[in-house]
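For this note's numbering, add 32 to where a residue sits in the sequence shown, where the first one is 1. Positions of the beta carbon are idealized from the N, C-alpha and C atoms, including for glycine.
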Amino acid sequence: MMKNRRRIVVVGGSASGPKAAAKARRIDNSAEVTILQKEADLSMASCGYPYYVGGYFEDRNMLICTPTGVVRDPKFYLNAKDIAAKVNTEVIAIDRSKRTVSFRHTVTGETGEMAYDKLILATGAVPRMPPIPGTDLQGITTLQSMKDADFLRKVRDERKIRKAAVIGGGLIGIETCEALQLAGIEITVVELLPQLLMFLDWELAKLVENHVKSKGANVITENGIAAFLGENGRLTAVKLQNGTELPCELAVVAIGVRPNVKLAQQIGLEIGETGGIRVNEYMQTTDPDIYAVGDCVENVHRITGKKVLAPLGDLANLQGRVAGENAASTNCVTFPGTIQTGICKVFDYAAGSTGLSETMARRLGFADIVTVINASPDKPGFMEGKLLVTKLVADSKSGRILGAQCVGPGNVNRQIAQWSMAIQGHLTVEDVVNSDLPYAPPFSLAIDHGVAAAHILQNKMKGRMKGISCAEVHKKVTAGETPFLLDVRQPEEFEQMRLGIGETLMPLGALRKRLNELPQDKGKEIICYCKISLRGYEAALVLEGNGWKNVKVMEGGVAAWPYPREK
């Protein structure tokens, strides 16, 4: 006699839902596995939408196909995985006592009901819209769905729209800015907060902003949107909170998402303090027969222990894998949480972070922290190395790495991946300074950029280097303080690029012979720097060796300076 087949129903077919269903099938080959998907498409690579819009690839099906090019449609799921995937099918009710799901076909209106033994909610997130007049005008969109991507791709291909506003300077906003800019559209990014990409500290975010502006886009910060303006039902401009009106025919709203917890609320599942569905380490909700995964759930931050939202595609897949295995067997695998690692492409730059920024760490009460900024190429100059600027955050007592950020045209992804694993492994600065990483000139420096950042932080923590950030230097100069600013580059470098903040040029090679030209008050504050401040550090050691007591190194040098320069 054949045993009863386990019935597993997955609500949601974007990322985490199909992953959960596929894993459940691999664990239990006899289970009845069903996906109910409200949209017409399945397993969409939503993080690829901006790149489809931007023309990086032409075939829309690339967003919904396997690595080998097979479209993930209901036929694929049935034939390849024995999973019944029903698209255009909206779940309208769940009866926890009877363990049934009621659904309706969004095209035909046909309704139905099915029973489940285990239910997995993968309802995703919904885009936030500002509570302002005019949101119903034609020409306003988000970039959350395939429908949105299709609309914006059509805008790109038709080349009729000349001006557009992107509301929000986060990941999606910046990626959308690039996509539309590549289509020849004049873009203005409007961000309410003081900077773009809030996962970065200000000085690195400013470098990204400068790069965006260098590509021809306009960026407005510290100014939100007050209204959408239009004529005959179509968008004509956005009005900012300071009264400025920006003419545009298109506005893409990218001010974040909120968990889609409507179904969970209807059936009485507990919603966490962040607004996401509360789950345990097994991705199990407060109903033991119901799991939840992806953008609709709240996560544990692995450094702080606090609950956070982390609507990221990689986490959604990892959570789906855990929930699928547990739903198909017993609670045997866990999801430990997130350190909120992320990265985005910004024209010729990348910007990434992992763990805590300095701003976040201080806001959360981490008082004993130390930071450092390192600027250097990702590989040798003879291999066309490109600049990276990294900021590290560590606990000043234990040396444990708490966070890392990296921006620039170099290989940011490698750096953030390294630091992500260091943080998850609870590594300290002392652990990292002798990291055994792969090296060859086509791939990295002999001392990897990230390891060099750890070396600088080690020197700082041991008192061998007194660092000062570009922001602190700028603050001193703006306030009228007069530290002696010592640029130790070569004259030709100085002529090509300089800060123009009252600095004195004295090349490192001539420094020992020109010590008499320095302030003879050995307590006078002297700030040394060069292009990346490697020579600046060496200059500081020379000065300290000759009796100067208040010598600092401007971290990152000219390369990390986020403010306007003289040239």
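By alpha-carbon distance to F475, the top candidate from C364, D410, L301 and K130 is D410. Between the alpha carbons of F108 and V284 lies a distance of about 33 Å. Taking all protein chains shown into account, R185 has 16 or more neighbouring C-beta atoms within 10 Å of its C-beta and is therefore buried.
Its chain contains T66, V133, Y148 and L151 as the residues whose beta carbon lies nearer than 6 Å to that of V41, once the 5 sequence neighbours on both sides are disregarded; these appear in chain order.
By the C-beta density criterion, S408 is buried, having at least 16 other C-beta atoms within 10 angstroms. Apart from sequence neighbours up to five positions away, the residues of its chain that approach A157 with a beta-carbon distance below 7 Å are V289, R290, P291, N292, D327, C328 and P343, ordered along the chain. For the set E313, L424, P106 and L278, the Cα lying nearest the Cα of H333 is the one of E313. In the three-state reduction of the DSSP assignment, P50 falls in the helix class, which pools H, G and I.
Secondary structure note for P523: its alpha helix (DSSP H) is the uninterrupted segment P523 to Q528. Judged by DSSP secondary structure, M453 falls outside any beta strand (DSSP E) and instead within the alpha helix (DSSP H) spanning V444 to Q456.
Straight-line measurement puts the Cα of V509 at about 18 Å from the Cα of A591. Judged by beta-carbon spacing, E587 lies beyond the 8 Å limit of I448, meaning their Cβ atoms are not closer than that value. Take Q176, set aside five residues on each side of it, and the residues of its chain with a beta-carbon closer than 6 Å to its own are P159, in chain order. In the structure shown, I433 falls within a strand segment according to DSSP collapsed to helix, strand and coil. When DSSP reads this structure, N250 sits in a beta bridge with T220. Going by DSSP, I559 is part of no alpha helix (DSSP H) but of the beta strand (DSSP E) stretching over I558 to Y561. Residue burial annotation: T100 is exposed, with fewer than 16 other C-beta atoms found within 10 angstroms of its C-beta. By the C-beta density criterion, M178 is buried, having at least 16 other C-beta atoms within 10 angstroms. Within 10 angstroms of the beta-carbon of N443 lie 16 or more other beta-carbons, which makes it buried. At the C-beta level, T208 and I252 stay beyond 8 Å of one another.
Judged by beta-carbon spacing, S385 lies within the 8 Å limit of A436, meaning their Cβ atoms are closer than that value. If you ignore the 5 residues before and after M415, its C-beta comes within less than 7 Å of the C-beta of P473 and P474, all in its own chain and listed in chain order.
In its chain, beyond the 5 residues on either side, P82, L175 and A286 have a beta carbon closer than 8 Å to the beta carbon of I204.
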